[in-house]
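Novice:
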Amino acid sequence: MNNVTLYLITTLIWGSTWLVIKFQLGLVPPVVSVAWRFALAALMLAAYALVRGRSLRFARREHGWIALQGMLLFGLNYIGVYLSEQYLTSGLVAVVFSLVVFLNALGMRVFFGLPIRPIAVVAATLGVAGVALIFGRQLLTVSGGVELRGLLIALGATLVASLGNLVATRNFRHGMPVLQLNAWSMFYGALFVIGIARLSRQPLLFDLSWPYVTSLLFLALFGSALAFGAYLTLMGRIGADRAAYTAVAIPIVALLLSTVFEQLRWHVETFIGVTACAGGIALALRRR
14 MNNVTLYLIT
24 TLIWGSTWLV
34 IKFQLGLVPP
44 VVSVAWRFAL
54 AALMLAAYAL
64 VRGRSLRFAR
74 REHGWIALQG
84 MLLFGLNYIG
94 VYLSEQYLTS
104 GLVAVVFSLV
114 VFLNALGMRV
124 FFGLPIRPIA
134 VVAATLGVAG
144 VALIFGRQLL
154 TVSGGVELRG
164 LLIALGATLV
174 ASLGNLVATR
184 NFRHGMPVLQ
194 LNAWSMFYGA
204 LFVIGIARLS
214 RQPLLFDLSW
224 PYVTSLLFLA
234 LFGSALAFGA
244 YLTLMGRIGA
254 DRAAYTAVAI
264 PIVALLLSTV
274 FEQLRWHVET
284 FIGVTACAGG
294 IALALRRR
């Protein structure tokens, strides 16, 4: 697939998961649902790799890096997002998470020596400002220690996600194929989340209802196996700094879907924010 297709797959799928995740909330603790999601995705990827004749073997020394990617990208990151949404709206979490475009650019500079281009700073500023404008009315309602705690958790999750992106970049640069890499790292991530659930004494429940099972299948197959495959492939091609602009586009997709399915009302700042996001993305993804 070309880079535009990979970008569209990532943003369209992850933009829709905001709605689908609602069907995961209820009987099963959110952290446990994350574990089931990535365990099922790992199983799907491993089965596909075997059918395609792809070896799942990696050198023993590489499994440490694979496990680190899983712990950061598919473990701590998602735990932080779910916990922060107990204190904040998903819109506010999206605003905080869009800061990953700055963190990835800084990380690529520190760990891989990639220079930070001035145009990238302008693009990142436009994108993050656009996301903030889209959810500006929710930002103005933030007050009190509880919501501040949610903001700190969301910032921590964003930092962890950026570190996970950098570890994935390292793994890709060492020639690890994305399909098998994701199968193993999602498996390690699921094990890590199950360990967190047990340490926090959360029961490993499962909901056999139709909405829960179908939403879990969607999140595992499309939201995890396919979308992360597209995203990490894109990141390997254009770098973690530019691929991070999916975090700017995803809220726009979620906004459009919420408008259709939840009758969300747009305001003047919504239109300005979407325009700013589009401008930032266009600047970031243009040819060097």
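Residue 301, in the numbering used here, is where the sequence shown stops; the numbers in between run on with no holes. Each residue gets a CB set at the ideal place from its N, CA and C atoms; glycine is no exception.
#1: Helix, strand or coil, according to DSSP, for ASN15 in the structure here?
#2: Express the C-alpha separation of ALA72 and SER29 in angstroms, rounding to a whole number.
#3: Between the C-alpha atoms of VAL109 and ILE92, what's the straight-line distance to the nearest angstrom?
#4: Does the segment 245–262 come within contact of the segment 134–145, defined as at least 3 CB pairs closer than 8 Å?
#5: Mapping DSSP to helix, strand and coil, what is MET248?
#6: Would the segment 169–182 and the segment 52–70 be scored as touching if the rule is three or more Cβ pairs under 8 Å?
#7: Can you tell me whether ALA295 is buried or exposed, with buried defined as 16 or more other CB within 10 angstroms of its CB?
#8: When the Cα atoms are used, what is the spatial distance from GLY39 to TYR244?
#9: Would you check if there are 3 or more beta carbon pairs closer than 8 Å linking the segment 246–257 to the segment 117–135?
#10: Assign ARG50 to buried or exposed, taking buried as 16 or more other Cβ atoms, counted over all protein chains shown, within 10 Å of its Cβ.
#11: Give the list of continuous alpha helix (DSSP H) stretches no shorter than 4 residues that lie fully inside the segment 57–90.
#12: May I ask which residues mark the beginning and end of the alpha helix (DSSP H) holding GLN271?
#13: Can you list, in chain order, the residues of its chain with a C-beta nearer than 7 Å to that of ALA118? Leave out the 5 residues immediately preceding and following it.
#14: Rounded to whole angstroms, what's the CA-CA distance from LEU232 to PRO216? Just pull it up for me.
#15: Does TRP27 come out as helix, strand or coil in the three-state DSSP assignment?
#16: Count Cβ pairs between the segment 33–48 and the segment 268–288 that sit closer than 8 Å; are there 3 or more?
#17: Going by C-alpha to C-alpha distance, which of VAL273, GLY149, LEU247 sits closest to THR18?
#18: Rounded to the nearest angstrom, how far is the Cβ of VAL106 from that of VAL114, given a contact under 8 Å?
#19: Applying the criterion that 16 or more other CB atoms from any shown protein chain within 10 Å of the CB defines a buried residue, is LEU212 buried or exposed?
#20: Report the three-state DSSP secondary structure of THR182 (helix, strand or coil).
#21: Of the residues GLY158, ARG299, LEU32, which one's Cα is nearest the Cα of TYR100?
#22: Please state the DSSP three-state secondary structure of MET189.
#23: Measure the C-alpha to C-alpha separation of PHE219 and MET84 and round it to an integer number of angstroms.
#24: Under 8 Å by Cβ, that's how I've got PHE241 and ASN195 pegged, so tell me the actual separation to the nearest angstrom.
#25: Please check the pair ALA48 and SER237, which I expect to be a contact at CB under 8 Å, by giving their CB distance rounded to whole angstroms.
Specialist: Reading it off the structure:
#1: Taking the sequence shown and counting its residues from 1, the one referred to as residue 15 is at position 2. In the structure shown, ASN15 sits in coil (DSSP, three-state: anything other than H, G, I, E or B).
#2: Counting from 1 along the sequence shown, the entry for residue 29 is found at position 16. Counting from 1 along the sequence shown, the entry for residue 72 is found at position 59. Taking the straight line joining both Cα atoms gives about 36 Å.
#3: The count along the sequence shown starts at 1 and reaches residue 109 at position 96. The count along the sequence shown starts at 1 and reaches residue 92 at position 79. The alpha-carbon atoms of VAL109 and ILE92 are separated by roughly 15 Å.
#4: By the Cβ test, the segment 245–262 is in contact with the segment 134–145, since at least three Cβ pairs between them sit closer than 8 Å.
#5: Position 235 of the sequence shown, counted from the start, is the residue given in the question as residue 248. It is helical.
#6: Too few Cβ pairs lie closer than 8 Å, so no.
#7: By one-based count along the sequence shown, residue 295 stands at place 282. Per the 10 Å Cβ criterion, exposed.
#8: Residue numbering aside, residue 39 sits at position 26 when the sequence shown is read from its first letter. Residue numbering aside, residue 244 sits at position 231 when the sequence shown is read from its first letter. The straight-line gap from Cα to Cα measures roughly 29 Å.
#9: yes
#10: Looking up residue 50 in the sequence shown gives position 37. Taking a 10 Å sphere around the C-beta of ARG50, we find 16 or more other C-beta atoms and assign the residue as buried.
#11: 73–84
#12: Position 258 of the sequence shown holds residue 271. Per the sequence presented here, residue 271 reads as Ser, with Gln not at that position. Looking at the DSSP string, the run of the alpha helix (DSSP H) that includes SER271 is 259–274.
#13: Working through the sequence shown from its first residue, we reach residue 118 at position 105. Closer than 7 Å at the Cβ level, and outside the excluded window around ALA118, lie ILE129, ALA133, ALA137, ASP254.
#14: Looking up residue 232 in the sequence shown gives position 219. Looking up residue 216 in the sequence shown gives position 203. The straight-line gap from Cα to Cα measures roughly 21 Å.
#15: Residue mapping note: residue 27 aligns to position 14 of the sequence shown, counting from 1. The answer is helix: DSSP assigns TRP27 an H, G or I state.
#16: no
#17: Translated into positions along the sequence shown, residue 18 becomes position 5. Nearest C-alpha to THR18: LEU247.
#18: Against the sequence shown, residue 106 aligns to sequence position 93. Against the sequence shown, residue 114 aligns to sequence position 101. With a Cβ gap of about 15 Å, VAL106 and VAL114 do not count as contacting.
#19: Residue mapping note: residue 212 aligns to position 199 of the sequence shown, counting from 1. Burial call: exposed.
#20: Here residue 182 refers to the residue found at position 169 of the sequence shown. In the structure shown, THR182 sits in a helix (DSSP, three-state: H, G or I).
#21: For this step, residue 100 is matched to residue 87 along the sequence shown. Taking only the C-alpha atoms, the option nearest TYR100 is GLY158.
#22: As a first step, residue 189 is located in the sequence shown; it is residue number 176 there, counting from the start. Coil at MET189, not helix or strand.
#23: The residue you call residue 219 lines up with position 206 of the sequence shown. The residue you call residue 84 lines up with position 71 of the sequence shown. In this model, PHE219 and MET84 are separated by some 22 Å (Cα to Cα).
#24: For the purposes of this step, residue 241 is taken as the residue at position 228 of the sequence shown. For the purposes of this step, residue 195 is taken as the residue at position 182 of the sequence shown. Going by Cβ atoms, the distance from PHE241 to ASN195 rounds to 6 Å, so yes, they are a contact pair.
#25: What you label residue 48 is simply residue 35 of the sequence shown in a count that begins at 1. What you label residue 237 is simply residue 224 of the sequence shown in a count that begins at 1. No, ALA48 and SER237 are not in contact; Cβ-Cβ is about 12 Å, not under 8 Å.
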